[in-house]
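Residue numbers (my numbering): 128 to 336.
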């Protein structure tokens with residue numbers, strides 16, 4: 128896995144997890160809690176996200192092999208999923224592509240760090256698909272997986288920073304600013320998804336030759 132692959136991976140994951148949009152959701156769930164509680168939840172959320180990404184990075188390929196799923200099938204399915212998510216981000220007036228069904232008043236406890244913040248909001252099916260696609264595309268070595276894990280760690284630290292300073296970021300960007308950034312993330316996601324779909328189609332055609 129080369130430098131360009133890592134840059135593409137990190138860019139796709141940053142757009143997928145969308146820390147800017149996560150700020151609005153986070154404050155909607157814990158906005159009336161003391162700042163110390165908010166930061167405790169931010170730490171727990173970041174830790175949970177990293178553990179999820181770590182597990183998918185090292186066990187994702189084994190899961191695919193267990194079910195006999197070809198990499199091109201995952202690329203095609205992942206490309207479609209990410210395209211839909213990106214289009215939703217472009218069309219939505221929400222500050223995030225994710226929506227929380229529960230009443231925020233009922234979720235304002237540290238328990239929301241794992242569900243719904245980590246799963247399914249930040250490191251949900253879309254993010255896990257991206258990890259599996261990039262890790263499984265070319266028989267990665269242990270060193271490749273470690274490089275992906277370092278990229279994941281950097282991403283999680285960025286997410287943690289956004290959640291830690293969520294009140295300040297929200298006051299600077301306002302809802303309109305968060306929506307604009309979310310739409311930019313949507314454009315990036317759609318572009319990355321099309322590249323993933325193209326690779327999947329090429330791999331599928333090559334497998335039939």
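Here a beta-carbon is modelled for each residue, glycine too, at the ideal position from N, C-alpha and C.
Taking all protein chains shown into account, decide if residue i is buried (16 or more other Cβ within 10 angstroms of its Cβ) or exposed.
i           : result
residue 163 : exposed
residue 325 : exposed
residue 195 : exposed
residue 201 : buried
residue 329 : exposed
The alpha helix (DSSP H) spanning residue i covers which residue range?
i           : result
residue 143 : 130 to 144
residue 309 : 293 to 335
residue 175 : 162 to 194
residue 240 : Neither: residue 240 is in no alpha helix (DSSP H) and is coded neither H nor E.
residue 217 : 198 to 218
residue 263 : 252 to 263
Beta-carbon separation of residue i and residue j under 8 Å?
i           : j           : result
residue 286 : residue 252 : no
residue 319 : residue 184 : no
residue 144 : residue 293 : no
residue 188 : residue 262 : yes
residue 85  : residue 246 : Residue numbering for the chain in the displayed model covers 128 to 336; residue 85 lies beyond these limits and cannot be assessed.
residue 305 : residue 150 : yes
residue 180 : residue 258 : yes
residue 148 : residue 309 : yes
residue 282 : residue 174 : no
residue 156 : residue 239 : yes
residue 206 : residue 323 : yes
residue 303 : residue 199 : no
residue 161 : residue 289 : no
Rounding to the nearest angstrom, what Cα-Cα distance links residue i and residue j in this structure?
i           : j           : result
residue 332 : residue 177 : 35 Å
residue 275 : residue 171 : 21 Å
residue 228 : residue 241 : Interpretation of residue 228 is limited by its pLDDT of 46, a score under 50 that renders its predicted location unreliable; the figure taken from the coordinates is listed afterwards. Their backbone Cα atoms lie some 15 Å apart in a straight line.
residue 250 : residue 277 : 16 Å
residue 70  : residue 295 : No information on residue 70 is available, as it lies outside the stretch 128 to 336 that the chain covers here.
residue 132 : residue 327 : 16 Å
residue 307 : residue 244 : 22 Å
residue 267 : residue 256 : 16 Å
residue 190 : residue 336 : 27 Å
residue 312 : residue 269 : 30 Å
residue 284 : residue 182 : 17 Å
Quick check on residue i - is its C-beta less than 8 Å from some C-beta in chain D?
i           : result
residue 174 : As a matter of chain content, chain D is missing from the structure shown, which is built from one protein chain.
Excluding the five sequence neighbours on either side, which residues of its own chain have a C-beta within less than 8 Å of the C-beta of residue i, listed in chain order?
i           : result
residue 314 : 213, 217
residue 316 : 139, 142, 143, 209, 210, 212, 213, 216
residue 297 : 150, 151, 154, 305
residue 193 : none
residue 280 : 177
Short of 6 Å in beta carbon distance, which residues of its chain neighbour residue i, apart from the five on each side in sequence? Order them along the chain.
i           : result
residue 197 : none
Note down, in chain order, each residue of its chain lying with its Cβ closer than 7 Å to the Cβ of residue i, except the 5 sequence neighbours on either side.
i           : result
residue 291 : 166, 169
residue 272 : 184, 185, 262
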